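Residue numbers (the working numbering): -17 to 75.
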C-alpha cells in the first residue's frame, strides 16, 4: 500500500485497513486470489492549507481537513471497481 499526498510519501493505517478489508470481502465472494494482498498506489492532491504534516516527527503521517470524506470517497471508488470485477467474473465463470 503506497500513499502519496501532495507528492509526499505518507502512511495511513486507517485507509490501508479499509482497503484490505474491501479486498478480503471481494475475495470471499469470488474465491479468487485468496492468498494475495492488494497492491494499491494512491496519489492524492489536496490543497496545502488542508494538510497538516506536523502530526508525527517523521512527517510520514498527515492529517487532512476533510479526511473522513476523502477516505470514504476512496473506499467507495475501490468498492465500485471490485463490484465491476465481480460482475465480470460471474459473467465469465
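Just so it is clear, CB atoms sit at the ideal spot from N, CA and C, and this is done for glycine as well.
This one's a predicted model, so the numbers in the text were calculated from it and none came from an experiment.
Relative to the Cα of residue 53, the nearest Cα in the group -12, -4 and 44 belongs to -4. Taking residue 60 as the centre and dropping the five residues before and after it, the same chain places the C-beta of 1 and 4 closer than 7 Å to its C-beta, in chain order. Cβ atoms of residue 44 and residue 35 come within 8 Å of each other, at about 5 Å. As a beta-bridge residue in DSSP terms, residue -15 pairs with -8 and 24.
8 Å or more divides the Cβ of residue 39 from the Cβ of residue -12.
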